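Residue numbers (the UniProt record's numbering): 1 to 392.
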């Protein structure tokens with residue numbers, strides 16, 4: 001009996017939140033596909049990672065790398081200088097007021113930022129699956145508000161933000177000290193349309209902006225620049241300090257997900273054819289603006305889905321599509337969006353190398369017929385989803 005008691009005493013007491021923590025929905029969808037008996041027949045739109053090959057110059061550089069000594073905790077000085085030069089050149093951002101920190105992936109950088117800035121976080125809905133779990137791990141609360149989605153982009157309405165803060169404070173919570181934005185956005189595939197309004201709101205309410213820019217560069221027309229540059233333009237000639245931290249990395253734009261190279265820009269002061277097919281079937285889907293994703297909405301089919309198939313939530317809808325159409329998606333609930341019948345579609349299930357070859361061969365443009373040829377599974381997934389909607 002004493003031995004049993006001793007053994008029990010050796011078991012550490014885990015935080016209650018850990019028992020409620022679930023596997024990341026994006027990774028869960030991948031495991032679902034890998035465990036499926038007919039996984040080769042599944043149209044996998046659940047997991048977002050770049051399908052393109054790594055550039056040969058990068059693989060050659062890593063093969064030749066022999067340095068194995070400890071480096072500065074903020075990253076190799078030459079690398080940080082190269083990153084600073086890149087952002088100054090690409091975005092016109094004056095990095096004399098910033099520290100450049102290299103992290104083992106941007107996710108750890110985001111976690112460190114949330115840990116460093118105390119207080120609740122203002123969070124738009126929908127948002128990426130890991131922001132809120134990171135807050136819970138740190139014992140922080142999320143102050144949520146609904147983002148507005150349209151063909152013009154993703155708009156974060158200052159009135160909605162103010163109302164969410166007022167409600168949170170009235171319920172006894174503290175005012176948020178930071179907010180997280182992401183543009184181009186996961187899961188919606190949209191670019192934030194009102195950065196100047198957000199900058200003004202953040203400045204007036206003394207809120208630090210964590211601008212997750214991991215998809216910076218994954219846009220068809222370069223529509224987004226780092227929020228830090230937007231903030232500086234907005235506040236000049238104000239004497240207010242820069243109030244934006246920009247986490248980013250190499251995983252999306254350079255197809256280096258497994259290399260785990262993240263970047264933090266920290267102030268020292270502190271694809272269109274797919275959506276066209278969905279629209280033709282009557283599915284509401286804002287036109288793609290950046291990242292790998294689309295975020296179609298099935299609310300107009302809500303009554304038919306409930307009456308014909310017993311579908312009432314986005315989780316029900318995602319399960320039905322796997323069973324009926326071999327189509328893997330992620331439900332809106334994975335992104336904190338519990339009210340809408342939306343799905344996130346990751347348009348990554350194709351051979352990026354073949355796509356690049358065809359793109360160069362065709363004079364740096366791709367017709368719908370060429371897209372169907374080089375990305376047949378994406379084409380099939382679009383029509384599977386459209387046919388599902390047409391059956392309602």
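Just so you know, even glycine gets a beta-carbon here, dropped at the ideal spot from N, CA and C. Being a predicted model, the structure only gives us computed values, none of them experimental.
Of all the options 206, 103 and 153, which has the alpha carbon lying nearest to the alpha carbon of residue 120?
206
Which first and last residues belong to the alpha helix (DSSP H) in which residue 359 is found?
352-361
From residue 183 to residue 192, what does the alpha carbon distance come to, in whole angstroms?
6 Å
Residues in its own chain within less than 6 Å of residue 142 by CB, not counting five upstream and five downstream?
121, 123, 132 and 135
Within a Cβ cutoff of 7 Å, which residues of the same chain sit near residue 153, ignoring the five residues on either side of it in sequence?
190, 191, 192, 193 and 289
With respect to the alpha helix (DSSP H) encompassing residue 87, which residues constitute its N-terminal and C-terminal limits?
77-91
Which residues does DSSP list as the beta-bridge partners of residue 180?
210
Residue span of the alpha helix (DSSP H) that contains residue 147, given as start and end
From DSSP, residue 147 is part of no alpha helix (DSSP H); its letter is neither H nor E.
Taking the C-alpha atoms as reference points, what is the distance between residue 316 and residue 160?
29 Å
Buried or exposed for residue 198, going by 16 or more other Cβ atoms inside 10 Å?
buried
Helix or strand or just coil, what does DSSP make of residue 396?
With the chain running from 1 to 392 in the structure shown, residue 396 is simply not present.
When you compare only the Cα positions, how much space is there between residue 146 and residue 112?
25 Å
By Cβ distance below 7 Å, which residues in the same chain neighbour residue 158 in space, the five residues on each side in sequence not counted?
197 and 201
How about the region 380-391 and the region 71-82: do they share at least three Cβ pairs that are nearer than 8 Å?
no
Are the beta-carbon atoms of residue 46 and residue 328 separated by less than 7 Å?
yes
The beta strand (DSSP E) with residue 139 in it runs from where to where?
Element bounds for residue 139: n/a, residue is neither H nor E.
Taking 7 Å as the threshold (C-beta atoms), are residue 110 and residue 326 in contact?
no
Tell me which same chain residues have a C-beta within less than 8 Å of the C-beta of residue 125, skipping the five on either side of it?
144, 145, 146, 147, 335, 336 and 337
Give me, in chain order, the residues of the same chain whose beta-carbon lies closer than 6 Å to that of residue 388; leave out the 5 immediate sequence neighbours on both sides.
325
Given a threshold of 16 other Cβ atoms within 10 Å of its Cβ, counted over all protein chains shown, does residue 310 qualify as buried or as exposed?
exposed
Three-way DSSP call (helix, strand, coil) for residue 62 in this model
helix
Going by the beta-carbon positions, is the gap between residue 294 and residue 345 smaller than 7 Å?
yes
Looking at the unbroken alpha helix (DSSP H) that takes in residue 109, where does it start and where does it end?
106-116
Locate the beta strand (DSSP E) running through residue 124, then write down its first and last residues.
121-125
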